[in-house]
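Let me begin by presenting the structure, written as structure tokens, before commenting on it.
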Amino acid sequence: MGAAERPYPADYGVFALTGPSPQRRAAQAVDALRHGWPIALDGGPVLLPAETAIANGATSRLALISAARAATLKLANQREAAEPHAPVLVRAAEPFDLAAARALADPALDLATPLKGPFRAETLEWEEAAQAGLALARIAGILPAFMVDPQNAGEPQPFAPGDLSALSDPVHLTIASRARLPVDASDQAEIVAFRSIDDTREHVALIIGEQRSDRVPIVRLHSECLTGDVLGSLKCDCGPQLDAALHAIAHEAQAGGWGVLLYLRQEGRGIGLVNKLRAYRLQDDGFDTIDANQRLGLPDEARDFPTAARMLELLGVSEIRLMTNNPAKVSALEQAGVKVIERLAHQLPDNPHNARYLATKRDRAGHLLT
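In terms of full-length UniProt numbering, the sequence shown opens at residue 1 and continues consecutively.
Encoded structure:
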């Protein structure tokens with residue numbers, strides 16, 4: 001027998017031909033935050049997500065939160081408070097551990113966990129990187145709050161602020177599959193599934209009626225709402241809107257036209273299911289839907305309309321009649337390249353549980369509700 005060879009690692013002799021793409025770095029950073037791992041910002045520090053972090057021994061004197069959350073804690077000046085999603089760097093008198101960082105991040109813990117302060121807001125010299133970090137947390141569906149350059153945080157995942165645009169670029173979205181799908185509103189419907197290499201979410205479109213170039217289709221954009229679409233929640237109007245839209249499109253098909261319902265996987269207007277439920281809890285405490293989101297440090301509108309435009313493009317649709325009460329949705333689609341030739345009102349009766357929610361959409365978000 002020959003001389004024993006020393007063992008080699010599994011990746012010995014394997015070399016990457018190129019560095020990771022922005023899409024891959026962004027996807028890996030989102031995955032890291034969901035798993036509670038730190039990210040290392042290019043042009044900024046290491047950030048450890050306060051909500052999901054698993055490094056129990058991590059400590060830091062600095063934390064990054066949104067201006068809206070900082071205003072709740074009396075840590076933001078008037079300029080910062082006027083920009084709810086601007087980043088604010090907070091220094092603590094005593095180092096944050098994970099429990100203290102989570103209490104700083106989550107308004108649900110304000111009464112249950114007295115803050116250890118005093119805190120003060122610090123000058124932020126890496127604002128672009130900080131903004132990217134907060135946006136990445138929202139995409140990951142977690143609270144936008146981090147321990148900054150913590151000790152004992154573990155190995156970080158690199159992330160450049162410029163990578164963020166890769167997550168909002170729908171260029172890689174493609175049609176993955178399609179099939180006939182009889183539904184309650186119409187037994188002549190087709191479902192089309194869309195998938196992107198940059199995103200684990202799979203969006204779908206339901207086409208009702210014969211697609212034809214001489215008729216402009218009715219289109220409804222419906223963002224996923226587990227509580228309303230599946231569980232029948234009365235806190236919103238999502239379930240009834242979905243059902244009414246399908247029947248309106250089916251009625252159009254019976255009259256010789258056709259239509260498309262886009263079902264977009266962006267729960268809670270883009271903040272995710274868990275954060276939406278956190279907002280519900282704050283609404284039960286008396287805050288309206290916009291103020292609840294801001295107290296969480298989250299935008300009240302974070303939906304991805306370029307993805308909807310890309311779905312329509314892949315279906316061969318460039319002009320639509322849009323079912324919506326929201327003029328901002330019309331503008332967002334037109335900016336993404338879709339021609340909206342008509343807005344069709346889509347208002348349903350309120351109930352005692354969602355009347356304030358609908359009034360807030362009318363009075364503060366500009367929805368055309370009477």
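Here a beta-carbon is modelled for each residue, glycine too, at the ideal position from N, C-alpha and C.
Here the structure is a predicted model, which means the values were calculated and not measured.
Do His247 and Ala345 have their beta-carbon atoms positioned less than 8 Å apart in this structure?
no
Option nearest residue 384 by Cα separation, candidates Pro45, Gly43, Ala50, Arg24
Here the chain has residues from 1 to 370 only, and residue 384 is not among them.
Can you tell me whether DSSP reads Pro107 as helix, strand or coil?
helix
Looking at the strands, I want to know which residues DSSP matches up with Leu47.
Ile39, Val148
Which residues bound the beta strand (DSSP E) around Ile207?
199-208
Are the CB atoms of Val204 and Val192 within a distance shorter than 8 Å?
yes
State the Cα-Cα distance for the pair Gly297 and Leu206, rounded to the nearest angstrom.
34 Å
State the start and end residues of the unbroken alpha helix (DSSP H) segment that holds Gln211.
It is not in any alpha helix (DSSP H) - Gln211 carries neither H nor E in the DSSP assignment.
Would you tell me roughly how many angstroms separate the C-alpha atoms of Gln78 and Ala137, rounded to the nearest one?
Residue placement at Gln78 is flagged as unreliable, the pLDDT there being 46, under the threshold of 50; the coordinate-derived value follows with that caveat. Each residue's Cα considered, the two are about 24 Å apart.
Check whether the stretch 327-337 and the stretch 285-296 touch, using three or more Cβ-Cβ pairs below 8 Å as the test.
no
Continuous beta strand (DSSP E) stretch holding Ser318: start and end
Careful: Ser318 lies outside any beta strand (DSSP E) and carries neither H nor E.
Going by beta-carbon coordinates alone, are Ile54 and Ala145 separated by less than 8 Å?
no
So what does DSSP say about Gln78, is it helix, strand or coil?
Reliability fails at Gln78, whose pLDDT of 46 lies under 50, so the model's placement of it is uncertain and the value that follows must be treated cautiously. Correct three-state label for Gln78: helix.
Same chain, Cβ closer than 8 Å to Asp304, neighbours up to 5 away in sequence not counted:
Ser168, Pro170, Leu264, Gln266, Gly270
Sorted by chain position, which residues of the same chain lie with C-beta nearer than 6 Å to Arg201's C-beta, five sequence neighbours on each side aside?
Arg265
CA-CA distance, Arg364 and Asn351?
19 Å
Taking the beta carbon of Pro349 as the centre, do at least 16 other beta carbons fall within 10 Å, making it buried, or is it exposed?
exposed
On the three-state DSSP scale, how would you describe Gln266?
coil
Let me know the beta strand (DSSP E) ranges lying completely inside the stretch 241-311, each 3 residues or longer, listed in chain order.
259-264
Beta carbon of Leu41 nearer than 8 Å to that of Gly141:
no
In whole angstroms, give me the CA-to-CA distance for Pro20 and Ala160.
11 Å
Could you pull the start and end residues of the beta strand (DSSP E) that Val192 belongs to?
189-196
Separation of His172 from Arg178, as counted between CA atoms:
18 Å
How close, in whole Å, do the beta carbons of Ala121 and Gly44 come, if the pair is a contact with beta carbons under 8 Å?
Wrong, their Cβ atoms sit about 17 Å apart, outside the cutoff.
Cβ shell of Val260 (< 6 Å), same chain only, five flanking positions each side left out
Ala205, Ile207, Pro217, Val219
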